[in-house]
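Colleague: Using the numbering used here, you'd call the opening residue of the sequence shown number -3 and step up by one each time.
Below is the structure I would like to discuss, written out as structure tokens.
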Amino acid sequence: MPWVPVEEFPVQVRLMITARYVVLLAYVAFWNVLVGLFLLLVLGALGTFGLVAGVVALMGYSGFPLWIAIARTRRKTHGWLRIQGRSVVVRSLDWIPVFPKLIEWKSPQVIVLRGRGISYELSFLTSESLTRAVARIRTAYPGVQEILAETYMQDSR
């Protein structure tokens, strides 16, 4: 088996909201609310204390996971963009493969990498590392499209 060179770039990663992510959140929220309502029904039979405990359980069981999922899209975390052959992976707290379809340039150090159902905003330490990473992505995926974000075009005027 031939060795494939691996290149990793340190980045700040922010998960972008996509339609697929919203559908997944809605599905998870539906089941969390159903379980929370069941807990409310069971605990409500224990009287006033059970009703209060059931409401707290419902709020915690349905609200906390949604809050975490939405907060995840609002903050940046340290991660790595790993390119190995035709494999492009964004590593942060999870290990998500990305099949790039579009690279949107937001600034000389920031791109949005869009794949099938997932998008990441990647902030690189230097513009040189960003340029090298994009060149490697284009080599691995020759069909990837590149566009300039509206804010990038306004800043360059």
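Note that CB positions come from ideal geometry on N, CA and C, so glycine has one too.
This structure is a prediction, so every number in the text was calculated from the model and none was measured.
Distance, Cα to Cα, serine 119 vs arginine 78?
Modeller: When rounded, the distance between both Cα atoms is 14 Å.
Colleague: Let's see if you can read the secondary structure: which residues bound the beta strand (DSSP E) around proline 61?
Modeller: That residue, proline 61, is in no beta strand (DSSP E); its alpha helix (DSSP H) goes 44 to 70.
Colleague: Specify, as a first and last residue, the run of the beta strand (DSSP E) that valine 85 falls within.
Modeller: Run containing valine 85: 83 to 87, per the beta strand (DSSP E) assignment.
Colleague: Tell me, please, whether the region 70 to 84 touches the region 8 to 17 by the rule of three or more beta-carbon pairs shorter than 8 Å.
Modeller: Yes, since at least three Cβ pairs between the region 70 to 84 and the region 8 to 17 fall closer than 8 Å, the two stretches touch.
Colleague: Give the DSSP-derived three-state secondary structure of tryptophan 5 in the structure shown.
Modeller: The question names tryptophan, but residue 5 is phenylalanine in the sequence shown. It is a strand residue.
Colleague: Less than 8 Å between the beta carbons of glycine 40 and leucine 33, yes or no?
Modeller: For glycine 40 and leucine 33, no; Cβs fall outside 8 Å.
Colleague: Thinking C-beta only, is valine 140 closer than 8 Å to leucine 98?
Modeller: A contact, by the Cβ cut-off of 8 Å.
Colleague: Please classify valine 52 as buried or exposed, where buried requires at least 16 neighbouring CB atoms within 10 angstroms.
Modeller: Exposed is the call here.
Colleague: Give the secondary structure of glycine 40 by DSSP, where H, G and I count as helix, E and B as strand, and everything else as coil.
Modeller: Glycine 40: helix per DSSP, three-state reduction.
Colleague: Let me know if serine 115 comes out buried or exposed under the rule of 16 or more other beta-carbons within 10 Å of its beta-carbon.
Modeller: The residue in question, serine 115, is buried, as its Cβ has 16 or more Cβ neighbours within 10 Å.
Colleague: With three or more C-beta pairs closer than 8 Å as the rule, is the region 21 to 36 touching the region 60 to 73?
Modeller: Enough Cβ pairs lie closer than 8 Å, so yes.
Colleague: Less than 8 Å between the CB atoms is what I'm expecting for leucine 121 and isoleucine 107, so what's the real figure, rounded?
Modeller: The pair is not a contact, with the Cβ atoms about 13 Å apart (cut-off 8 Å).
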